[in-house]
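> Chains as they are written, first to last, in the numbering used here: chain A, 68 to 617; chain B, 224 to 437. Glycine included, every Cβ here is placed at the ideal spot set by N, Cα and C.
Structural data, given as structure tokens:
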């Protein structure tokens, strides 16, 4: 078993061959070579560009929501416009940004690199998946922007089937199509993890990010078909009045909620799990330490992906579900806390006594851990039956899931983007701007969403733009925070774009990190490695400094 | 007569075995999603049955049991011919394989024709509640739910069958050209999995809709 070129190279040394046109970015230049590429790295960048555009639209909608809520009587928009705006925010952010964010960009780029493969198992399917995503997403985006939909991102029956006068069917069709893209990506990743690992890359030598990606892909495969069916039935109900969700004919609107949340609760973990994987990578690299309890963190990922299929009923505690079912769902929802806590404790223990560097990615990681704990603990409030009766459908819920989705996934996304940016582009980002941006986002986020916990506890319902005057102070605070958050988002958008042309050239391994992706050049060559790597070391081999990797 | 059997190694795989297994695993993963897609409909059918047992029994007696049963037999035969095609592809007997594939496509088409006839009968008997015309069980509103789920389930299965037959015809055309088995024998194996699975779905649809509620 001779060690390969990739393993023996000192990861800290800049490549002599840097900038030569053989890396994946410079191998070909035509538009065709981008839009018909089967290279997983280029497809990842296609996703990155498209979800960034969708994110901007979703963020503009969020800004309009906060703008409207500055005054108590909602004079800025009409009721209908406000409903359309928050639906646009929810649909875009959930379906077109958060769900594909980490899996489709980092996942596509890093999965083959991290397991020492040349590409994913089905490269053409991978490209198809992007086209399917864009078809559905652009269709629904056009519907939301031109016509508007007022159902909220959850499309609850009977409002969506009977009473809404907006363009529900086209919006649903786009979301259904995007679901197929999720399925194809999940399928590709599952097969890649099973079949494409390089020699010596056993399951327990895989980085945690790959474990979380695998768990996420299982949710894609097992959850997405059910939402596809639920939305097809919704379209049929609206178009042909099939009656399945219509109580006037003996149907059951709560059945839609069951089918919807059977996917959409696990979808929370589609958004959260890859973020957890990213944070594990960041924490290990910036503490220069082995991940504490590696196997537990790996098992916790699979554990979360399993338990998450058993808790959907906690969205229906006050919607006419039986007491027994609610009690069981409440208990199972508490169980989610166990693997989540395993992860948080293990990150903390990994940082403990590490050789800590507070570069931008680590700042995001630290922010993530704190905010995820807050978001997770408030989730336990909502899993408690009696407390949920008070907090259901209030701003407390909004604050809770934004702590998980923005404080969690978004920070992980940005942290990972900075960490792997040198690998993606071959350029370093400006560190000082990076730290300022991370700080602004952390502060802006908390000022925006912490007041919403209090608002919700005091009884302000979600999705209303008209509220009693005594809530105005907290709402102004929240809106003010959102402007700080917006400025924070502008920072990376501007300096990362700038760095594409003017950033410092990146060495192969700027962070002295372990992992196969750092053993190849930045940016990597078209087939990732000069020689297929052989792995005879554990992941996160930070303890052995002198020996280098391998 | 027999030609060498194998597959062309794609650039990103290191061995042929790896490539074969990846294709097979990929298709199985796809089939699991298909199963879950239909599972939602089976769930709806069973919930409607629990909530409105009398209406569902009434509606189910209007289904054309014998057409459904005949179609079950047709699909079992088609699985048999598809298996034949796979076996012959493995030993490299291309001419025989092509005949079995055409037979499979023919049986699939027969299924669709019978299904179309069944829909026509439903239409003639006013058993199509989602159209604006008269509905024979209009006095029993809940029966609509079951009939609608019947149409959605069988139509969704029909779409899968139409796709299946189309792919099969293209595959047969590809396979009729020389050296196909030397380069792409795997396609026959993987397609076979899909075809068997469409049959399997019908083996669940038939009892859940036609048999269980009589």
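Please report the distance separating the alpha-carbon of residue 297 of chain B from that of residue 379 of chain B.
18 Å
> Mind checking residue 345 of chain A: buried by the 16 CB within 10 Å criterion, or exposed?
Buried is the call here.
> Suppose only complete runs of 4+ residues qualify. What are the alpha helix (DSSP H) ranges in the region 398-479 of chain A, listed by chain order?
Qualifying alpha helix (DSSP H) stretches, in chain order: 427-450, 452-458 and 462-471.
> Is residue 213 of chain A helix, strand or coil when you go by DSSP?
Correct three-state label for residue 213 of chain A: helix.
> With DSSP as the reference, please indicate the residues paired to residue 572 of chain A in a beta bridge.
A:494
> Could you tell me whether the Cβ of residue 70 of chain A comes closer than 7 Å to any Cβ of chain B?
The predicted position of residue 70 of chain A is uncertain, since its pLDDT is 41 and thus under 50; a value taken from the coordinates is nonetheless stated next. Output row for residue 70 of chain A: interface = no.
> Taking only beta-carbon atoms, is residue 261 of chain A less than 7 Å away from chain B?
yes
> Does DSSP put residue 608 of chain A in a helix, in a strand, or in coil?
coil
> When DSSP labels each residue in this structure, what does residue 290 of chain B get in the three-state scheme?
helix
> Per DSSP, residue 341 of chain A forms a beta bridge with which residues?
Answer is none; residue 341 of chain A lacks a bridge partner.
> Taking Cβ-Cβ distances below 9 Å as the criterion, which residues of the region 338-358 of chain B are in contact with chain A?
Per Cβ criterion, the list reads 352, 353 and 354.
> Which residues of chain A have a Cβ atom closer than 7 Å to the Cβ of residue 232 of chain B, listed in chain order?
By Cβ distance, chain A contributes nothing, its closest Cβ being about 12 Å from residue 232 of chain B, past 7 Å.
> Compare the C-beta of residue 603 of chain A with all C-beta atoms of chain B and state if any pair is closer than 7 Å.
It does not; no Cβ of chain B falls within 7 Å.
> Which residues of the region 175-201 of chain A have a Cβ closer than 9 Å to any Cβ of chain B? Give them in chain order.
For the region 175-201 of chain A, the residues whose beta carbon sits under 9 Å from a beta carbon of chain B are, in order, 179, 184, 185, 186, 187, 188, 189, 190 and 192.
> Using the DSSP secondary-structure output, state which residues sit across from residue 407 of chain B in a beta bridge.
B:230
> If you follow the alpha helix (DSSP H) that residue 270 of chain B is in, where does it begin and where does it stop?
239-274
> Is it buried or exposed, residue 584 of chain A, if we count other Cβ atoms within 10 angstroms and call 16 or more buried?
buried
> With 7 Å set as the bound, which would you pick, yes or no: does the beta-carbon of residue 254 of chain A sit closer than that to a beta-carbon of chain B?
Answer yes: the Cβ-Cβ gap between residue 254 of chain A and chain B drops below 7 Å somewhere.
> For residue 219 of chain A and residue 157 of chain A, which I take to be in contact (beta-carbon distance under 8 Å), what is that distance rounded to the nearest angstrom?
6 Å
> Roughly how many whole angstroms lie between the Cα atoms of residue 405 of chain B and residue 558 of chain A?
56 Å
> Got a sec, what are the start and stop residues for the alpha helix (DSSP H) residue 185 of chain A sits in?
Run containing residue 185 of chain A: none; DSSP gives neither H nor E here.
> Leaving out the 5 sequence neighbours to the left and right, which residues in its chain are closer than 6 Å to residue 160 of chain A when beta-carbon positions are compared?
125
> Quick test of the definition: if touching needs 3 or more C-beta pairs under 8 Å, does the region 371-381 of chain A touch the region 326-342 of chain A?
yes
> Give a yes or no on whether the minimum CB-CB distance between residue 371 of chain B and chain A is below 7 Å.
yes
> The alpha helix (DSSP H) that contains residue 529 of chain A, what's its start and end?
Counting along the chain, residue 529 of chain A falls outside any alpha helix (DSSP H), and DSSP gives it neither H nor E.
> For residue 568 of chain A, count neighbouring C-beta atoms within 10 Å of its own C-beta (all shown protein chains included) and say buried if the count is 16 or more, exposed if not.
exposed
> Please state whether the Cβ-Cβ distance between residue 286 of chain A and residue 404 of chain A is less than 7 Å.
no
> Answer with buried or exposed for residue 84 of chain A, where buried requires no fewer than 16 other C-beta atoms within 10 angstroms of its C-beta.
Summary for residue 84 of chain A: the model assigns pLDDT 48, below 50, so the residue's position carries little reliability; its value from the coordinates is reported in the next sentence. So residue 84 of chain A ends up on the exposed side.
> Could you tell me the distance, in whole angstroms, from the CA atom of residue 410 of chain B to the CA atom of residue 228 of chain B?
12 Å
> Does the Cβ of residue 167 of chain A have 16 or more other Cβ atoms within 10 Å, making it buried, or fewer, making it exposed?
buried
> Do you know offhand how far residue 27 of chain A's Cα is from residue 366 of chain A's?
This structure does not reach residue 27 of chain A, given that chain A is present from 68 up to 617, and the question cannot be answered.
> Give me, in chain order, the residues of the same chain whose beta-carbon lies closer than 6 Å to that of residue 465 of chain A; leave out the 5 immediate sequence neighbours on both sides.
519 and 529
> Report the CB separation of residue 268 of chain B from residue 431 of chain B in whole angstroms; it is logged as a contact under 8 Å.
6 Å
> Mind reading off the beta-carbon distance from residue 94 of chain A to residue 175 of chain A? Whole number of angstroms is fine, and I expect it under 8 Å.
About 17 Å; that fails the 8 Å criterion.
> Thinking C-beta only, is residue 255 of chain A closer than 7 Å to residue 187 of chain A?
Taking 7 Å as the Cβ cut-off, residue 187 of chain A and residue 255 of chain A qualify as a contacting pair.
> Using three-state DSSP, classify residue 285 of chain B as helix, strand or coil.
Residue 285 of chain B carries a coil assignment under DSSP once its states are collapsed to helix, strand and coil.
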